[in-house]
Amino acid sequence: MTKAATQRIAFALLRLSAAVIVASVFLLLGYLVWNGTPALSLSFLLESPREGMTAGGVFPAIVGTFYLTLLTLLFALPLGVGAAIYLSEYADPRRSKTLYMIRTATVVLAGIPSIVYGLLGLGLFVLFLRLGFSILSSALALSFLTLPVIISASEEALRTVPPSYREGAFALGATKWQVIRDAVLPFAAPGILTACILGLARAAGETAPILLTGAAYYLPELPNSIFDQFMALPFHIFTLSTQSVNPRLTRPIQFGSVLVLLLLVLSLNLVAIVIRSYYRQKYRWVT
């Protein structure tokens, strides 16, 4: 077989793989839209659940998911970006073993199952720190889960900024922090926002950590503070799918909740993408 024939076969297999992935995604989305759209209505989005979650809407779950996601990013994003700045800008490259250990630990943390983070949150935040079953405990547990994603993606974004930008700022007499603040971070902002999107998507869809730290299945009232329990769409969907006493009544609510969760995540991602596009247009690289 010639090299040209081998190349054509390889490209055909790659195209087939891409087509299968795209078709699978559209098939899944079509199935969810087909089954979830009939349950969507204004009352479903704005009403509280009734009759043991066999009637009513999912408004408390939407609000709880929104609060949880934003609080998670409030904790994880500054810490993750700060760690990335240290690794990219401040860490001494001559201490290669230390940097290797930190980056290896970050990769390992990214692969830990989410249930382990849930147990960590239960033991550390709920019991040891006595924060109780609350939004705060769940957000802190999810912050640990999303940190590796934010650190890795933010560090890569910082490293893509050309060294000449730093050298030019130093030549003008800028301090180290001024160089990072004015010559590095603005141009790395699109990549950092991409990390934010990845962390946001993972935090909004996790079930195990919030199951052990604060989520409730049936709680029609909205939380009054970060120390209250809350409803969340991922845990709500999980319970409807596995522990419902009347699947016939809860099946439309289940698919409607899945569709609402997808729309919520896509909406938050869309906002982040718009902000990322703004910074990408504002701070164009000059080569």
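Residue 265 in my numbering sits at position 284 of the sequence shown; the count goes up by one each step and never skips. Here a beta-carbon is modelled for each residue, glycine too, at the ideal position from N, C-alpha and C. As the structure is a computational prediction, the values presented were derived from the model and not from experiment.
Please report how far the alpha carbon of residue i lies from the alpha carbon of residue j, in whole angstroms.
i       : j        : result
Ser119  : Ile191   : 5 Å
Asp209  : Tyr48    : 12 Å
Glu137  : Phe56    : 21 Å
Ile256  : Gly38    : 31 Å
Arg232  : Ser222   : 8 Å
Leu251  : Lys(-16) : 43 Å
Leu105  : Arg111   : 8 Å
Ser69   : Thr18    : 46 Å
Arg(-4) : Gln(-12) : 12 Å
Leu8    : Ala0     : 12 Å
Thr46   : Pro94    : 21 Å
What's the call for residue i, buried or exposed, on a 16-neighbour Cβ count within 10 Å?
i        : result
Ile(-10) : exposed
Ile2     : exposed
Gly92    : exposed
Glu202   : exposed
Met82    : exposed
Inspect the beta-carbon positions of residue i and residue j and report whether they are closer than 8 Å.
i      : j      : result
Asn16  : Phe236 : yes
Ile132 : Thr85  : no
Gly149 : Ala122 : no
Ser29  : Phe40  : yes
Phe211 : Leu200 : yes
Ala65  : Ser115 : no
Val160 : Val142 : no
Val246 : Ala182 : yes
Leu54  : Ile43  : no
Thr50  : Ala185 : yes
Ala213 : Ala196 : yes
Val107 : Thr35  : no
Using DSSP bridges, identify the partner residues of residue i.
i      : result
Arg31  : Ala36
Phe211 : Ala196
Review point. Are the segment 175 to 182 and the segment 84 to 101 in contact at 8 Å, needing three or more beta carbon pairs?
Key: no
Point to revise | Cβ contact (3+ pairs, closer than 8 Å) linking the segment 235 to 250 and the segment 11 to 29 | key: yes
Exercise for review: Flag this pair as touching only if the segment 118 to 133 and the segment 48 to 62 have three or more C-beta atom pairs under 8 Å; answer yes or no.
Suggested key: yes
Exercise for review: Would you check if there are 3 or more beta carbon pairs closer than 8 Å linking the segment 158 to 174 to the segment 194 to 206?
Suggested key: no
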